[in-house]
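The structure appears right after this line, and notes come after that.
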Ligand SMILES: [Zn+2]
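Numbering (the working numbering), first residue to last: 268 to 572.
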């Protein structure tokens, strides 16, 4: 009889899409795939997630050695408690007991992680800079930020460190999705850009916003605000590498050079300014799911193989 193989499953749960990666025990990617989030979880989060993962295991004759799921959320230090998820289309109550429920379904350890940290995990392993102090700045729907310190993501005393998107550098009159007034994300995020685009008639699609509008004052201010936030992170942590990425930075004609230049303006001299390396994070939308699976593989569950 053929021996059943073991795989590690990484899931990246976003507001619009849910992505999955299956890894073999030696780190080879078996499958990456995505589906729309709402239909997947329409009949409940636990039930929908279970069915989604099982659909991708079908026909593989594989057991799951570890399951790592990333959420756009604050995750507790126990890596099983989801503290706050402002952006997912499900009730907060559905997160209670989710980890034990999935552990019972798949007979394996289940770990939750903040989605930015999975992306960061992917990028530092890909760039081979896991031994460095690295900041990851991901400008997507929100302003994602992660700190790579001492060989792993720094999560703080309660698991919620690194929320640069929620420093009070935004519009004081606007309320953020987190509930606080004036967070950075109210002005500096993909969502804020989309609101800016929709506020006036434009003769170009949102995806060409930087091609047509890059010299508009409000977009220049958007970049400068992002630079101030990133420089704040740099001045606090004194990193060796700063990774810049996310859907907004992947847009056509995004003024990446100006962002780096302006970040330098606000960074302390001579150090860390003179010793910083900026790098563009790679842009595949599956990086988070692959990062999650790699994280699952690198955790102590290796003994399962
Ligand atoms: Zn906030």
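All C-beta atoms, glycine included, are put in the ideal place defined by N, C-alpha and C.
N- and C-terminal bounds of the alpha helix (DSSP H) containing residue 467
Position 200 of the chain shown, counted from the start, is the residue given in the question as residue 467. Boundaries for residue 467: no alpha helix (DSSP H) harbours it, and the DSSP string shows neither H nor E there.
Should residue 528 be labelled buried (16 or more other beta-carbon atoms within 10 Å of its own) or exposed?
Taking the first residue of the chain shown as 1, we reach residue 528 at position 261. Around the beta carbon of residue 528, fewer than 16 other beta carbons sit within 10 angstroms, so the residue counts as exposed.
Is residue 402 near residue 409, with beta carbons less than 9 Å apart?
Here the question's residue 402 lines up with position 135 in the chain shown. Here the question's residue 409 lines up with position 142 in the chain shown. Taking 9 Å as the Cβ cut-off, residue 402 and residue 409 do not qualify as a contacting pair.
Which residues neighbour ligand 1 when neighbourhood means a C-beta less than 5 Å away from any of its non-hydrogen atoms? List them by chain order.
Output, sorted by chain position: 433, 443, 445, 447 and 450.
In angstroms, rounded to a whole number, what distance separates the CA positions of residue 551 and residue 512?
On the chain shown, position 284 is the one that residue 551 refers to. On the chain shown, position 245 is the one that residue 512 refers to. Cα-Cα distance, rounded: 10 Å.
For residue 572, collect the residues of the same chain with a Cβ closer than 8 Å to its Cβ; drop the 5 residues on either side in sequence, then sort them by chain order.
Counting from one through the chain shown, the residue named residue 572 turns up at place 305. Annotation note: pLDDT 48 at residue 572 (below 50); position unreliable, no value reported.
Count the CB pairs spanning the stretch 492-505 and the stretch 427-438 that are closer than 8 Å, and state whether there are at least three.
These segments touch.
Taking 6 Å as the limit between beta carbons, can you name the residues of its chain near residue 368, skipping five residues before and five after?
As a position in the chain shown, residue 368 is number 101, starting the count at 1. Cβ-Cβ distances below 6 Å link residue 368 to 313 in the same chain, with the five nearest sequence neighbours on each side left out; the list follows chain order.
Through-space distance from residue 303 to residue 468, alpha-carbon basis:
The sequence position of residue 468 within the chain shown is 201, counting from 1. The sequence position of residue 303 within the chain shown is 36, counting from 1. Roughly 29 Å between the two C-alpha positions.
For residue 546, is the beta carbon positioned less than 8 Å from some heavy atom of ligand 2?
Ligand 2 is absent from the structure shown, which contains only ligand 1.
Alpha carbon of residue 308 to alpha carbon of residue 398, nearest angstrom
On the chain shown, position 41 is the one that residue 308 refers to. On the chain shown, position 131 is the one that residue 398 refers to. Linking residue 308 to residue 398 through their CA atoms gives a straight-line distance of about 38 Å.
Can you name, in chain order, every residue of its own chain whose Cβ lies under 8 Å from the Cβ of residue 407, other than the five neighbours on each side?
Within the chain shown, residue 407 is the residue found at index 140, counting from 1. Result list for residue 407: 456, 457, 513, 514 and 515, in chain order.
Which of helix, strand or coil does DSSP assign to residue 485?
Here residue 485 refers to the residue found at position 218 of the chain shown. It is helical.
Inspect the beta-carbon positions of residue 554 and residue 386 and report whether they are closer than 9 Å.
Taking the first residue of the chain shown as 1, we reach residue 554 at position 287. Taking the first residue of the chain shown as 1, we reach residue 386 at position 119. For residue 554 and residue 386, yes; Cβs fall inside 9 Å.
Using three-state DSSP, classify residue 336 as helix, strand or coil.
Here residue 336 corresponds to residue number 69 of the chain shown, with the count starting at 1. Reduced to three states, the DSSP call for residue 336 is strand.
Return the CA-CA distance between residue 535 and residue 477, expressed in angstroms with no decimal places.
As a working mapping, residue 535 is identified with position 268 in the chain shown. As a working mapping, residue 477 is identified with position 210 in the chain shown. Distance between the alpha carbons of residue 535 and residue 477: 29 Å.
Whole-angstrom distance between residue 324 and residue 285, CA atom to CA atom:
As a position in the chain shown, residue 285 is number 18, starting the count at 1. As a position in the chain shown, residue 324 is number 57, starting the count at 1. Straight-line spacing of the CA atoms in residue 285 and residue 324 works out to 16 Å.
Simplified DSSP assignment, three categories, for residue 346
Here residue 346 refers to the residue found at position 79 of the chain shown. Residue state, collapsed to three classes: coil.
Where do the N-terminal and C-terminal ends of the beta strand (DSSP E) with residue 413 fall, by residue?
Working through the chain shown from its first residue, we reach residue 413 at position 146. It spans 410-416 - the beta strand (DSSP E) in which residue 413 sits, taken as one unbroken run.
Cβ shell of residue 545 (< 7 Å), same chain only, five flanking positions each side left out:
Within the chain shown, residue 545 is the residue found at index 278, counting from 1. Shown here for residue 545: same chain residues with a beta carbon closer than 7 Å to its own, the five before and five after excluded, namely 509, 511 and 527 in chain order.
Taking all protein chains shown into account, decide if residue 485 is buried (16 or more other Cβ within 10 angstroms of its Cβ) or exposed.
As a first step, residue 485 must be located in the chain shown, where it is residue number 218. Label assigned to residue 485: exposed.
Per DSSP, residue 280 is paired with what?
Locating residue 280 in the chain shown gives position 13, where the first residue counts as 1. In the DSSP output, where bridge partners are listed per residue, residue 280 has 285.
For residue 566 and residue 558, what's the separation of their Cα atoms in angstroms?
Along the chain shown, read from residue 1 onward, the residue named residue 566 stands at position 299. Along the chain shown, read from residue 1 onward, the residue named residue 558 stands at position 291. The straight-line gap from Cα to Cα measures roughly 12 Å.
Quick check: what's the CA-CA separation for residue 563 versus residue 375?
Indexing the chain shown from 1 puts residue 563 at position 296. Indexing the chain shown from 1 puts residue 375 at position 108. Their backbone Cα atoms lie some 11 Å apart in a straight line.
Note down the Cα distance separating residue 360 from residue 426, rounded to an integer number of angstroms.
The count along the chain shown starts at 1 and reaches residue 360 at position 93. The count along the chain shown starts at 1 and reaches residue 426 at position 159. Approximately 20 Å between the Cα atoms of the pair.
Over the uninterrupted beta strand (DSSP E) stretch that includes residue 230, give me the two end residues.
Residue 230 is absent from the structure shown; the chain starts at 268 and stops at 572.
Indicate whether residue 289 and residue 329 have their beta-carbon atoms separated by less than 9 Å.
Counted from its first residue, the chain shown places residue 289 at position 22. Counted from its first residue, the chain shown places residue 329 at position 62. Cβ distance < 9 Å, so residue 289 and residue 329 count as in contact.
Exposed or buried, which one is residue 548 when buried takes at least 16 other CB atoms within 10 Å?
Here residue 548 is taken as the residue at index 281 of the chain shown, counted from 1. Residue 548 is classed as buried because its beta carbon has at least 16 other beta carbons within 10 Å across all chains shown.
On a Cα-Cα basis, can you pick out the residue from 444, 443 and 384 that is closest to residue 416?
Along the chain shown, read from residue 1 onward, the residue named residue 416 stands at position 149. It is 384 whose Cα lies nearest to the Cα of residue 416.
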